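Participant:
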């Protein structure tokens, strides 16, 4: 008969990670990081070329705050994907190291 109990989370996680999966994930993450880097520099250059509004101090403060938040969010996303890339490459190296240790008597 069929077992009605679903597999636990620990049983689902038992699948091992391969070097190819790490390399594929790192390639995707690095391409996103590079794209976000170019987007961040483009945003920063666009903001630098446009003058701040000089109508009132409140408008200037809001403009500076919005510019800072937009560039900061783009930079954060860029850094996140860059760190994920480094982590995936390190995980791939670790999996290769563990595979060589297991095959070596």
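Numbering (this note's numbering), first residue to last: 52 to 156.
Heads up, the beta-carbon is just placed ideally off N, CA and C, and yes, glycines get one too.
All figures in this text were calculated on a predicted structure; none of them were measured in a lab.
#1: Helix, strand or coil for residue 123 per DSSP?
#2: Residue 76 to residue 151, Cα distance in whole Å?
#3: Does residue 89 pass the burial test, meaning 16 or more other C-beta atoms within 10 Å, or should it be called exposed?
#4: Under 7 Å between the Cβ atoms of residue 155 and residue 84?
#5: Where do the N-terminal and C-terminal ends of the alpha helix (DSSP H) with residue 81 fall, by residue?
#6: With distances taken from CA atoms, which of 145, 141, 122 and 57 is nearest residue 93?
#7: Below 7 Å between beta carbons: does that hold for residue 114 and residue 102?
#8: Quick check on residue 147: buried or exposed, where buried means 16 or more other Cβ atoms within 10 Å of its Cβ?
#9: If you run the structure through DSSP and keep just helix, strand and coil, what is residue 105?
#10: Whose C-beta lies closer than 7 Å to the C-beta of residue 80 among residues of the same chain, with five residues either side of it excluded?
Facilitator: This is what the structure gives:
#1: Here residue 123 sits in helix by DSSP.
#2: Looking at the two C-alpha atoms, the distance is approximately 22 Å.
#3: exposed
#4: no
#5: 70-100
#6: 122
#7: Going by C-beta atoms, residue 114 is not nearer than 7 Å to residue 102.
#8: exposed
#9: coil
#10: 132, 135, 136 and 139
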